[in-house]
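**Q**
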Amino acid sequence: MRESVIYQEILQEGLQEGRQQGRRAEGIALVLRQLTRRFGELDESTRSRIANLPLVAIEDLSEALLDFSQASDLDTCLQTHPSANP
1 MRESVIYQEI LQEGLQEGRQ QGRRAEGIAL VLRQLTRRFG ELDESTRSRI
51 ANLPLVAIED LSEALLDFSQ ASDLDTCLQT HPSANP
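Here the sequence shown stands for residues 1 to 86, numbered as in our numbering.
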């Protein structure tokens, strides 16, 4: 069974999904650490909004935060990225 094409396709899909989830989790953790270092502890609502962003939005945020000069820049950025469950 492990040698069947269907089994291999399902296995590859599962591995890809696991990698995506791992990248997303690491991206969230990194963005939260960077924002906390820059602006201090984030409120739970903001942390939740970030945690619910799709991977592409997390990647965008990780670049955009380099240009933030104040915490309100984060709110503005989050308003441009609708939250979505992964």
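For every residue, glycine included, the Cβ atom is placed at its ideal position computed from N, Cα and C. Please read all numbers here as calculations on a predicted model, not as lab measurements.
#1: Compute the Euclidean distance between the alpha carbons of Ile10 and Gly18, then round it to the nearest angstrom.
#2: For Arg49, report the span of its alpha helix (DSSP H) as first-last.
#3: Under the three-state reduction of DSSP, which class applies to Arg38: helix, strand or coil?
#4: Since Arg37 and Ile58 are thought to touch, with beta carbons under 8 Å apart, how far apart are those beta carbons, to the nearest angstrom?
#5: Just verifying my parser: in three-state terms, what is the DSSP assignment at Gln79?
#6: From Phe39 to Gln20, what distance separates their C-alpha atoms?
**A** On the basis of the coordinates in this document:
#1: Your numbering for residue 10 matches position 10 in the sequence shown. Your numbering for residue 18 matches position 18 in the sequence shown. Cα-Cα distance, rounded: 12 Å.
#2: For the purposes of this step, residue 49 is taken as the residue at position 49 of the sequence shown. Arg49 -> alpha helix (DSSP H) spans Glu44 to Ala51.
#3: As a working note, residue 38 is residue 38 in the sequence shown. Reduced to three states, the DSSP call for Arg38 is helix.
#4: Within the sequence shown, numbered from 1, the residue matching residue 37 stands at position 37. Within the sequence shown, numbered from 1, the residue matching residue 58 stands at position 58. About 17 Å; that fails the 8 Å criterion.
#5: Mapped onto the sequence shown, residue 79 falls at position 79. In this structure, Gln79 counts as helix in the three-state DSSP scheme.
#6: Numbered from 1 along the sequence shown, position 39 holds the residue referred to as residue 39. Numbered from 1 along the sequence shown, position 20 holds the residue referred to as residue 20. Roughly 28 Å separates the two Cα atoms.
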